[in-house]
Amino acid sequence: MMSENHQAVLTELNACIIACNACFDACLNEEHVAHMAGCIRLDRDCADMCGLLSQAIARNSSNVSVLAKACIEICRACAKECAGHDHDHCQKCAEACEACATACERLV
9 MMSENHQAVL TELNACIIAC NACFDACLNE EHVAHMAGCI RLDRDCADMC GLLSQAIARN
69 SSNVSVLAKA CIEICRACAK ECAGHDHDHC QKCAEACEAC ATACERLV
């Protein structure tokens with residue numbers, strides 16, 4: 009049975025995946041897409057890392073703590089990158105990434 013703490017982290021991971029994928033897609037439609045390349049790359053890395061950690065939690069992997077540390081680092085990098093752009097989708101992504109990083113800190 010999964011703990012309430014793990015359930016709360018899974019909720020934040022899922023929200024971050026959704027925000028990163030939405031940001032990724034919206035960035036591809038921006039007028040100056042080349043300017044958004046760093047954001048696009050971090051959105052993908054962050055969504056992928058959150059998905060990996062989510063799966064590890066669900067299967068009670070012994071690597072949750074290690075993966076959570078990596079997830080925190082990638083989420084914070086993505087939040088920083090997205091916060092530097094004025095687009096609404098980037099701002100929402102930055103908030104979701106920071107909330108996810110904070111939630112993941114409870115796993116380490």
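Residue 21 in our numbering is what sits at position 13 of the sequence shown, and the numbering runs on without skipping anything. Every residue gets a Cβ at the ideal spot worked out from N, C-alpha and C, and that includes glycine. Note that this is a predicted model, so its numbers are computed, not measured.
Restricting attention to alpha helix (DSSP H) runs no shorter than 4 residues, the segment 41–111 encloses them at 45–66 and 72–91, ordered along the chain. Around the beta-carbon of Asp51, 16 or more other beta-carbon atoms lie within 10 Å, marking it buried. In this chain, the alpha helix (DSSP H) harbouring Val17 covers Glu12 to Leu36. Around the beta carbon of Ser73, fewer than 16 other beta carbons lie within 10 angstroms, which makes this residue exposed.
Collapsing the DSSP output to three states places Glu39 in coil.
Contact holds between the segment 88–104 and the segment 20–34, because three or more Cβ pairs, one in each stretch, are under 8 Å apart.
With a cutoff of 9 Å on beta-carbon distance, Leu18 and Ala66 are scored as near each other. Of the candidates Ala55, His40 and Ala78, Ala55 places its Cα closest to the Cα of Ala102. Ala107 places its beta carbon less than 9 Å from that of Glu20.
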